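A.B. asks:
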Amino acid sequence: MQKSLTMWRQYKALHPLFRFRKMSSSMITFIKNNITHGTTLSIDSFPWKLQKQITIDKIIELSKFRVIWDRLGPMDITFVDSYKEIANDTQYNNIILAGLVPFKYKTIDECATVIDNFVPLLKSKGTMLVAIPITNLIFHRLKFSYNQIIDHMHLILSKNGLAITDRLLDIDIFYIKITKL
Amino acid sequence: MSFRTQQSQVLGNKILQDEQLISFIQDNNINTLILDGESDIECFQSRLLNCNIGLIEKNGMLAVFVNQLFSNLEDVLTTLEKKLQDTNPDWVYVAVNKYLITTTQSWDNLTDNYDQDLIDIISSFILPLDFLKIKQSYIAYDDGRYFNFVHPTTNAFYKKQS
């Protein structure tokens, strides 16, 4: 019980949807404004908080955090050991990728690769809503501005048929809307 | 929870940058020290029994730690310059958590080496005040081993020339 409480506190403290009330509300507003009609898949995106706002068809979380979700009560969550294990036989109109784990301590190029990995799950013209904590990104902070970072990411993603179609730079988080062309 | 306590919990009791600083102080017989931006004075005092912490006299060191989230580099440099004038140390140590620093201006002559650029910019403020850079250290590629908020610092040591 103590372990689950500790993990819950750590996870909650680091997750973009929980860090500060103001940021949390910016993020939910960004998601609500940009989500399109159709089906929605939530990956590492704290569905417990999001489900009050939008309809989510499938929830995927890492099994190493299972103890957290058990604390919150019954929820229909598919657990995977690694995000690489997600079956891509079903595609969704929206994917919400708002958590910390996939983007933890990566370079811009590595973040773009993570996003690419989820593209098979997205329908054509579908929308992926991504939140990347800036402090977790590895980049030369004197050389590149936040806008340059997003532009660089857009350049990488466009090679794989994706486009960044909206962005919101909060105090320490990039919110990005990605559309599959 | 202080930066050092957080670091200790993640990295263990022996923090490389602390060991470097303590060895440097001992090796150079530095006898007075101001720790700026570092609240764990007891941690250093217990290891530096021959060094008075909290003041700078002859052969004293100003050690500046920048570990606050969203520390603005321009503000850090302005404050550093003022502290150097106020304390007039013989030694200076500057340690920056490179993942927590931000900037609002464009810097010239930057390379692809973020750590070296950071040290060079800091040095450009300290060297004209008659200091010489003695040594520096950083971890350029950590391979995700550390949480950013407890990442080992990018740091440099300086000595007054005259």
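Chains as they are written, first to last, in our numbering: chain A, -19 to 161; chain B, 1256 to 1417.
Note that beta-carbon positions come from the ideal geometry of N, C-alpha and C, so glycine has one too.
None of the values given here were measured: they were computed from a predicted structure.
Leucine 122(A) CB to nearest chain B CB: under 8 Å?
C.D. replies: Here residue 122(A) refers to the residue found at position 142 when the first sequence is read from its first residue. It does: the Cβ of leucine 122(A) has a partner Cβ on chain B nearer than 8 Å.
A.B. asks: Within this structure, are the beta carbons of leucine 1317(B) and isoleucine 1308(B) separated by less than 8 Å?
C.D. replies: Within the second sequence, residue 1317(B) is the residue found at index 62, counting from 1. Within the second sequence, residue 1308(B) is the residue found at index 53, counting from 1. Not a contact, by the Cβ cut-off of 8 Å.
A.B. asks: Report buried or exposed for glycine 141(A), applying the criterion of at least 16 other Cβ atoms within 10 angstroms of its Cβ.
C.D. replies: The sequence position of residue 141(A) within the first sequence is 161, counting from 1. Answer is exposed; the Cβ neighbour count stays below 16.
A.B. asks: Determine the contact status of methionine 133(A) and alanine 67(A), defining contact as a CB-CB distance below 8 Å.
C.D. replies: As a working mapping, residue 133(A) is identified with position 153 in the first sequence. As a working mapping, residue 67(A) is identified with position 87 in the first sequence. Taking 8 Å as the Cβ cut-off, methionine 133(A) and alanine 67(A) do not qualify as a contacting pair.
A.B. asks: Taking the alpha carbon of lysine 1353(B) as the reference point, which residue from Leu1290(B), Thr1334(B), Asn1314(B) and Leu1324(B) has its own alpha carbon closest?
C.D. replies: The count along the second sequence starts at 1 and reaches residue 1353(B) at position 98. Nearest option by C-alpha distance: Leu1324(B).
A.B. asks: For asparagine 1410(B), is the classification buried or exposed, using 16 other Cβ atoms within 10 angstroms of its Cβ as the cut-off for buried?
C.D. replies: Counting from one through the second sequence, the residue named residue 1410(B) turns up at place 155. By the 10 Å Cβ count, asparagine 1410(B) comes out buried.
A.B. asks: Classify arginine 147(A) as helix, strand or coil using the three-state DSSP reduction.
C.D. replies: As a first step, residue 147(A) is located in the first sequence; it is residue number 167 there, counting from the start. If DSSP states are grouped into helix, strand and coil, arginine 147(A) belongs with the strands.
A.B. asks: Please tell me whether serine 22(A) and isoleucine 39(A) are closer than 8 Å, where the distance is taken between their beta carbons.
C.D. replies: Within the first sequence, residue 22(A) is the residue found at index 42, counting from 1. Within the first sequence, residue 39(A) is the residue found at index 59, counting from 1. Yes.
A.B. asks: Measuring alpha carbon to alpha carbon, tell me which of Ile36(A), Met7(A), Ser5(A) and Phe26(A) ends up nearest glycine 18(A).
C.D. replies: As a first step, residue 18(A) must be located in the first sequence, where it is residue number 38. With distances taken between Cα atoms, glycine 18(A) lies closest to Ile36(A).
A.B. asks: When you compare each of Ile158(A), Asp24(A), Asp131(A) and Ser43(A) to serine 104(A) by their alpha carbons, which one comes out closest?
C.D. replies: Against the first sequence, residue 104(A) aligns to sequence position 124. Of Ile158(A), Asp24(A), Asp131(A) and Ser43(A), the residue nearest in Cα terms is Ile158(A).
A.B. asks: Which value, in whole angstroms, describes the spacing of the CA atoms of alanine 78(A) and tyrosine 155(A)?
C.D. replies: Taking the first sequence and counting its residues from 1, one reaches residue 78(A) at position 98. Taking the first sequence and counting its residues from 1, one reaches residue 155(A) at position 175. So the alpha carbons of these two residues sit roughly 8 Å apart.
A.B. asks: If you measure between the beta carbons of lysine 139(A) and asparagine 97(A), is that distance less than 8 Å?
C.D. replies: In the first sequence, residue 139(A) corresponds to position 159, counting from 1. In the first sequence, residue 97(A) corresponds to position 117, counting from 1. For lysine 139(A) and asparagine 97(A), no; Cβs fall outside 8 Å.
A.B. asks: Taking only beta-carbon positions, decide if tyrosine 1393(B) is within less than 8 Å of chain A.
C.D. replies: Reading the second sequence from its first residue, position 138 is the one you call residue 1393(B). Cβ-Cβ to chain A under 8 Å: no for tyrosine 1393(B).
A.B. asks: Could you name the residues of the stretch 1364 to 1378 of chain B whose beta carbon sits closer than 9 Å to any beta carbon of chain A, in the order they occur along the chain?
C.D. replies: The residues in question are Leu1365, Thr1366, Asp1367, Asn1368, Tyr1369, Asp1372, Leu1373 and Ile1376.
A.B. asks: Counting beta carbon pairs with one atom in the stretch 1367 to 1374 of chain B and one in the stretch 108 to 124 of chain A, are three or more of them shorter than 8 Å?
C.D. replies: Result yes; three or more Cβ-Cβ pairs closer than 8 Å.
A.B. asks: Pick from Asp1282(B), Asp1273(B) and Lys1388(B): whose alpha carbon is nearest that of serine 1301(B)?
C.D. replies: Within the second sequence, residue 1301(B) is the residue found at index 46, counting from 1. Minimum Cα distance to serine 1301(B) is reached at Asp1273(B).
A.B. asks: Which residue marks the beginning of the beta strand (DSSP E) containing threonine 107(A), and which one marks its end?
C.D. replies: Taking the first residue of the first sequence as position 1, residue 107(A) is located at position 127. That run of the beta strand (DSSP E) goes 102 to 113.
A.B. asks: Roughly how many angstroms lie between the CA atoms of asparagine 1284(B) and threonine 1358(B), to the nearest whole one?
C.D. replies: Taking the second sequence and counting its residues from 1, one reaches residue 1284(B) at position 29. Taking the second sequence and counting its residues from 1, one reaches residue 1358(B) at position 103. Cα to Cα, asparagine 1284(B) sits roughly 36 Å from threonine 1358(B).
A.B. asks: Serine 1379(B) and leucine 1355(B) look like a contact to me (Cβ under 8 Å); what is the Cβ gap, rounded to whole Å?
C.D. replies: What you label residue 1379(B) is simply residue 124 of the second sequence in a count that begins at 1. What you label residue 1355(B) is simply residue 100 of the second sequence in a count that begins at 1. Actually they do not touch by this definition, with Cβ atoms about 21 Å apart.
A.B. asks: Check whether the Cβ of aspartate 1370(B) lies closer than 7 Å to any heavy atom of the ligand PLP, and answer yes or no.
C.D. replies: The model on display carries no ligand, and the ligand PLP is accordingly not part of it.
A.B. asks: Just the chain A side, please: which residues come within less than 7 Å of tryptophan 1362(B) by C-beta, in chain order?
C.D. replies: In the second sequence, residue 1362(B) corresponds to position 107, counting from 1. Within chain A, the residues near tryptophan 1362(B) are Leu122.
A.B. asks: Count the other CB atoms within 10 Å of the CB of proline 82(A); is the residue buried (16 or more) or exposed (fewer)?
C.D. replies: To locate residue 82(A), count along the first sequence from 1; it is residue 102. Proline 82(A) comes out buried.
A.B. asks: So the candidates are Tyr1396(B), Glu1293(B), Asn1305(B) and Asn1364(B); which of them puts its Cα closest to the Cα of valine 1349(B)?
C.D. replies: Translated into the one-based positions of the second sequence, residue 1349(B) becomes position 94. Residue Glu1293(B) is the option with its Cα nearest to valine 1349(B).
A.B. asks: Under three-state DSSP, which class holds phenylalanine 98(A)?
C.D. replies: Within the first sequence, the letter at position 118 stands for residue 98(A). In this structure, phenylalanine 98(A) counts as coil in the three-state DSSP scheme.
A.B. asks: Is the beta carbon of serine 5(A) sitting closer than 8 Å to the one on leucine 148(A)?
C.D. replies: On the first sequence, position 25 is the one that residue 5(A) refers to. On the first sequence, position 168 is the one that residue 148(A) refers to. Result no, Cβ atoms of serine 5(A) and leucine 148(A) do not sit closer than 8 Å.
A.B. asks: Which ranges does the beta strand (DSSP E) cover as unbroken runs of at least 3 residues, wholly within the stretch 12 to 47 of chain A, from first to last along the chain?
C.D. replies: The qualifying runs are 20 to 23 and 38 to 42.
A.B. asks: Compare the C-beta of threonine 1245(B) with all C-beta atoms of chain A and state if any pair is closer than 8 Å.
C.D. replies: Outside the displayed range of chain B (1256 to 1417) lies residue 1245(B), so it cannot be described from this structure.
A.B. asks: Do the CB positions of leucine 42(A) and isoleucine 75(A) come within less than 8 Å of each other?
C.D. replies: Position 62 of the first sequence, counting from 1, holds the residue named residue 42(A). Position 95 of the first sequence, counting from 1, holds the residue named residue 75(A). Taking 8 Å as the Cβ cut-off, leucine 42(A) and isoleucine 75(A) do not qualify as a contacting pair.
A.B. asks: Tell whether a beta-carbon distance below 8 Å holds between leucine 1290(B) and phenylalanine 1279(B).
C.D. replies: For the purposes of this step, residue 1290(B) is taken as the residue at position 35 of the second sequence. For the purposes of this step, residue 1279(B) is taken as the residue at position 24 of the second sequence. Not in contact: leucine 1290(B) and phenylalanine 1279(B) (Cβ atoms no closer than 8 Å).
A.B. asks: Under 8 Å between beta-carbons, which chain A residues line up against isoleucine 1358(B)? List them in chain order, please.
C.D. replies: Position 103 of the second sequence holds residue 1358(B). First, the residue type needs correcting, since residue 1358(B) is threonine and not isoleucine in the sequence shown. Within chain A, the residues near threonine 1358(B) are Arg121 and Leu122.
A.B. asks: Is aspartate 69(A) buried or exposed, if buried means 16 or more other CB atoms sit within 10 Å of its CB?
C.D. replies: Here residue 69(A) refers to the residue found at position 89 when the first sequence is read from its first residue. Exposed: under 16 other Cβ atoms inside 10 Å.
A.B. asks: Taking all protein chains shown into account, do 16 or more other C-beta atoms lie within 10 angstroms of the C-beta of lysine 32(A), making it buried, or fewer, making it exposed?
C.D. replies: For the purposes of this step, residue 32(A) is taken as the residue at position 52 of the first sequence. Looking at its Cβ environment, which holds fewer than 16 other Cβ atoms inside 10 Å, lysine 32(A) is exposed.
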